[in-house]
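Participant:
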DNA sequence: CTTCGTTGCTAAATCGGGTTAGCGCCCGCT
DNA sequence: AGCGGGCGCTAACCCGATTTAGCAACGAAG
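Residue numbers (the numbering used here), protein chains in the order written: chain A, 1 to 358; chain B, 359 to 716.
(1) Do residue 127(A) and residue 113(A) count as a contact pair if the criterion is CB distance below 9 Å?
(2) Please return the same chain residues whose Cβ sits closer than 6 Å to the Cβ of residue 168(A), not counting the five positions on each side in sequence.
(3) Would you give the residue range spanned by the alpha helix (DSSP H) that residue 236(A) belongs to?
(4) Expressed to the nearest angstrom, what Euclidean distance is found between the alpha-carbon atoms of residue 660(B) and residue 621(B)?
(5) Using CA atoms only, rank isn't needed, just tell me which of 611(B), 645(B), 651(B) is closest to residue 636(B).
(6) Does the contact criterion of 3 or more C-beta pairs under 8 Å hold for the stretch 420-431 of chain B versus the stretch 447-464 of chain B?
(7) Indicate whether the contact test is met: 3 or more Cβ pairs, each with one atom in the stretch 443-456 of chain B and one in the stretch 666-676 of chain B, closer than 8 Å.
(8) Here's a check: name, in chain order, each residue in its chain whose Cβ is nearer than 7 Å to the Cβ of residue 388(B), leaving out the five neighbours to either side.
(9) Do residue 647(B) and residue 509(B) have their beta-carbon atoms positioned less than 9 Å apart in this structure?
(10) Is DSSP giving residue 23(A) helix, strand or coil here?
(11) What do you get for residue 524(B), buried or exposed, if any count of 16 or more other CB atoms within 10 angstroms of its CB means buried?
(12) Going straight from the alpha carbon of residue 376(B) to that of residue 392(B), what length do you get?
(13) So the alpha helix (DSSP H) residue 321(A) belongs to, where does it begin and stop?
(14) As an exercise, report each continuous alpha helix (DSSP H) stretch of at least 4 residues that is fully enclosed by the stretch 495-574 of chain B, in chain order.
(15) In chain B, what lies closer than 8 Å to residue 264(A) by C-beta?
(16) Does any residue of chain A bring its CB to less than 9 Å from the CB of residue 433(B)?
(17) Which residues in chain B sit within 8 Å of residue 104(A), going by Cβ to Cβ distance?
(18) Evaluate residue 305(A) with the Cβ neighbour count: other Cβ atoms within 10 Å of its Cβ, from every protein chain shown; 16 or more gives buried, anything less gives exposed.
(19) Since residue 669(B) meets chain A, which of its residues come closer than 9 Å, beta carbon to beta carbon?
(20) What does the alpha-carbon distance come out to for the pair residue 653(B) and residue 404(B)?
(21) Please identify the residue among 333(A), 138(A), 309(A) whose C-alpha is closest to the C-alpha of residue 320(A).
(22) Can you find at least 3 beta carbon pairs, one from the stretch 507-521 of chain B and one from the stretch 700-707 of chain B, that sit closer than 8 Å?
(23) Can you tell which of 148(A), 176(A), 348(A), 221(A) has its C-alpha closest to the C-alpha of residue 322(A)?
(24) Any Cβ of chain A within less than 9 Å of the Cβ of residue 676(B)?
(25) Is residue 243(A) near residue 261(A), with beta carbons less than 9 Å apart?
(26) List, from N- to C-terminal side, the beta strand (DSSP E) runs of 3 residues or more that fit wholly inside the stretch 406-488 of chain B.
(27) Classify residue 637(B) as helix, strand or coil using the three-state DSSP reduction.
(28) What are the residues that DSSP puts in a beta bridge with residue 285(A)?
(29) Between the alpha carbons of residue 716(B) and residue 582(B), how many angstroms are there, rounded?
(30) Just verifying my parser: in three-state terms, what is the DSSP assignment at residue 623(B)?
(31) Could one say the Cβ of residue 339(A) lies closer than 9 Å to chain B's Cβ atoms, at least one of them?
(32) Is residue 291(A) helix, strand or coil by DSSP?
(33) My assumption, with CB atoms under 8 Å, is that residue 266(A) sits in contact with residue 255(A). Please give the rounded CB distance.
(34) Buried or exposed, going by whether 16 or more other CB atoms sit within 10 Å of the CB of residue 713(B)?
(35) Let me confirm a value: residue 359(B) is counted as buried when at least 16 other C-beta atoms fall within 10 Å, else exposed. Which label applies?
(36) Residues of the stretch 270-291 of chain A with a CB closer than 7 Å to any CB of chain B: list them in chain order, please.
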């Protein structure tokens with residue numbers, strides 16, 4: 001059907017030289033190997049006219065490099081956020097002429113193994129192991145084959161793998177400072193995790209680190225968290241239940257919700273109790289889920305920089321590939337990507353009404 | 359670093375036979391070519407013990423097939439829906455031992471060309487050209503190289519390419535029937551497109567087809583659309599504005615919103631006017647965006663079957679690959695994937711209150 | 001008129017596997 | 001003994017590139 005691909009041999013023939021000569025010219029090593037100007041021009045012109053592009057499969061076989069990297073995540077479909085991460089990785093890879101294999105493990109070790117093998121069989125030049133929510137993962141054994149980086153994850157066991165993570169501690173500080181700068185000092189409650197560092201699902205790195213940042217920023221200002229409600233899962237319905245429970249006994253002036261879905265539920269609970277955001281209660285949250293700019297009032301939130309995380313992962317992976325087996329001794333660095341604040345409408349100075357009842 | 363890959367030569371040596379013999383056994387052609395049971399067993403055992411897996415890059419060079427397909431979309435990050443489409447494609451591909459290259463064109467023809475070339479250079483076995491919102495696209499010229507299917511898109515010019523699309527007309531019927539079955543006959547308004555088929559953004563296939571289905575189902579029941587408001591873009595703020603505008607002059611009993619984001623805005627407008635969903639006004643919508651099950655009352659909506667679309671695209675692509683250049687004469691069929699109704703809380707029988715004012 | 005050194009290119013091997021043609025060997029038949 | 005015919009396997013070439021080693025041609029030096 002399609003006209004056969006143009007090969008190097010075609011170019012060589014058109015230029016009246018041998019295949020290796022054409023190869024040398026096109027790989028830019030013509031000068032160094034004393035190919036004449038005349039031949040060089042003929043080869044270049046022939047390649048141009050025939051629209052020659054090297055067959056990467058062949059190059060892959062010969063040189064071992066396929067200009068391809070594998071992106072292995074536990075899930076691609078959970079949220080739009082995953083898409084942004086992939087988009088960032090995709091664009092960073094494209095900038096260097098690389099393509100991405102996408103694969104998802106669904107948290108299944110067997111699938112993960114098969115996937116890594118499938119990528120290894122295709123001679124990927126590097127691997128990105130991504131988690132869609134920040135956490136520690138145990139490293140698959142099949143990982144010695146190619147350079148790799150962790151994205152949104154940390155290795156359970158110390159390992160010489162670079163990791164790329166959102167700067168959750170700073171995000172926690174930012175969330176707290178938004179409230180402090182608005183003038184809040186009392187009645188600040190947390191929705192999602194308990195007030196102490198013990199009341200946090202330990203598998204969720206983000207929860208721990210956000211809490212650390214929050215407590216740090218508040219502590220510097222001499223402010224105490226008034227209380228907290230945990231959520232078994234960070235979904236709207238639990239945010240609703242937790243906030244409702246809180247409102248039965250307390251009158252918060254500000255809520256720090258541990259993600260936007262929880263904040264959705266909190267909005268509903270506040271509405272049920274006749275409380276206005278932000279006039280009665282300020283709300284600040286994390287993630288910058290698309291919904292955060294859809295709800296009214298629009299939610300002030302500290303954004304997960306998924307796009308940048310994806311880009312960064314590819315960038316770090318490339319440095320890893322480049323210094324290929326030279327000094328592979330250094331332990332995996334952790335790269336933190338800033339989480340930007342999205343200031344919207346859900347935070348206001350505390351109103352001058354009566355202090356909380358309980 | 360990593361121990362060198364096990365090659366066919368290793369297996370052959372371990373089994374004490376030549377490379378071709380090992381190849382024949384492992385490709386299952388041993389019987390037909392009269393390889394002895396003894397040798398066959400030795401080869402199989404050696405391959406097993408050495409954990410031999412063929413290098414797909416090499417196979418790709420020799421046979422031209424890389425067990426890889428390219429998924430080219432205009433955008434991967436727009437919505438969670440894109441992720442589901444990719445997930446469906448990914449799983450269907452995995453079932454056959456295929457991997458997916460992902461690429462996005464951002465609607466840019468140059469990027470699209472580069473992407474298709476990059477995939478062609480890597481000898482993909484087939485291509486999926488996906489659009490993240492249903493529409494017609496002009497086909498890139500670089501498309502003759504490999505079998506291809508269109509996903510969520512139709513070719514502008516007739517072309518022998520299969521297309522996979524959601525069954526929007528039937529979806530329109532379903533949305534209308536939900537209201538009819540709840541007993542609605544009057545005061546049914548559309549938000550998103552005008553009442554007539556002319557008042558539709560023509561580039562949006564979905565809009566046209568949904569409207570056709572709605573009018574058909576209502577027509578069969580002898581029911582007329584009471585009115586409509588268009589939205590310049592299908593975003594919450596326009597849904598809000600359009601619905602607000604409608605409520606200034608009319609008292610609808612039911613709204614058919616052309617997608618969930620519009621419905622979000624409609625919810626807010628109804629709330630502003632003190633109208634309860636579904637007691638005062640029923641709302642039905644399209645897409646089944648995640649938000650549809652977060653809002654209260656949960657939104658009844660006709661779901662875009664993204665996951666199934668992705669799977670179907672891969673399935674159709676495989677039939678296309680299989681019948682490779684045999685009978686490539688037939689024109690591209692259009693495959694419609696059903697859009698399932700998600701019955702939730704936003705539809706109720708019309709209350710027995712006064713009829714709409716105007 | 002040799003010999004050596006450049007210059008400018010090509011022959012040949014390589015990557016890892018698939019495919020075709022054909023080589024020995026053993027058997028049976030005459 | 002000689003011949004023909006399966007049987008069981010392997011030599012050799014191919015895919016499309018890269019890379020190393022080395023060949024011809026020419027000029028300069030001895």
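Ideal Cβ positions, reconstructed from N, Cα and C, are used throughout, including at glycine.
Facilitator: Reading from the atomic positions:
(1) Contact: no.
(2) Only 206, 209, 210 meet the Cβ criterion.
(3) Residues 236-249.
(4) Within the model, the alpha-carbon separation for residue 660(B) versus residue 621(B) is close to 12 Å.
(5) When only C-alpha atoms are compared, the closest one is 611(B).
(6) The answer is yes - the stretch 447-464 of chain B touches the stretch 420-431 of chain B, with three or more Cβ pairs under 8 Å.
(7) A contact exists between the stretch 443-456 of chain B and the stretch 666-676 of chain B.
(8) So the qualifying residues of the chain are 382, 398.
(9) The answer is no: Cβ separation not under 9 Å.
(10) In this structure, residue 23(A) counts as helix in the three-state DSSP scheme.
(11) Looking at its Cβ environment, which holds 16 or more other Cβ atoms inside 10 Å, residue 524(B) is buried.
(12) Cα-Cα distance, rounded: 15 Å.
(13) Start and end: 306-322.
(14) You should have 526-540.
(15) The contacting residues are 652.
(16) Chain A places a beta carbon closer than 9 Å to that of residue 433(B), counting this residue as a contact.
(17) Near residue 104(A) (Cβ distances below 8 Å), the residues of chain B are 445, 448.
(18) Buried.
(19) Per Cβ cutoff of 9 Å: no residues; residue 669(B) is ~13 Å from chain A at best.
(20) Between residue 653(B) and residue 404(B), the C-alpha separation is close to 60 Å.
(21) Answer by Cα proximity: 333(A).
(22) Flag = no, the stretch 507-521 of chain B and the stretch 700-707 of chain B do not touch.
(23) If you compare the alpha carbons of 148(A), 176(A), 348(A), 221(A) with that of residue 322(A), the shortest gap goes to 148(A).
(24) No Cβ of chain A is located within less than 9 Å of the beta carbon of residue 676(B).
(25) No. Outside cutoff.
(26) 426-431, 457-462, all fully within the stretch 406-488 of chain B.
(27) Of the three classes helix, strand and coil, the one that applies to residue 637(B) here is coil, per DSSP.
(28) Its beta-bridge partners are 301(A).
(29) Residue placement at residue 716(B) cannot be trusted, given a pLDDT of 41 that sits under 50; what the coordinates show is reported in the next sentence. Each residue's alpha carbon lies about 15 Å from the other.
(30) Three-state DSSP puts residue 623(B) in a helix.
(31) At least 9 Å separates the CB of residue 339(A) from every CB of chain B.
(32) Collapsing the DSSP output to three states places residue 291(A) in a helix.
(33) Yes, they are in contact, since the Cβ atoms of residue 266(A) and residue 255(A) sit about 6 Å apart, within 8 Å.
(34) Because the pLDDT at residue 713(B) is just 49, under 50, the model does not fix this residue reliably, and the value given afterwards should be weighed accordingly. Sixteen is the threshold: since fewer than 16 other Cβ atoms of the shown chains lie within 10 Å of the Cβ of residue 713(B), the residue is exposed.
(35) Model confidence at residue 359(B) stands at a pLDDT of 46, short of 50, so the residue's coordinates are unreliable; what they give is reported in the following sentence. So residue 359(B) ends up on the exposed side.
(36) Legend: CB atoms of the stretch 270-291 of chain A lying less than 7 Å from CB atoms of chain B belong to residues 291.
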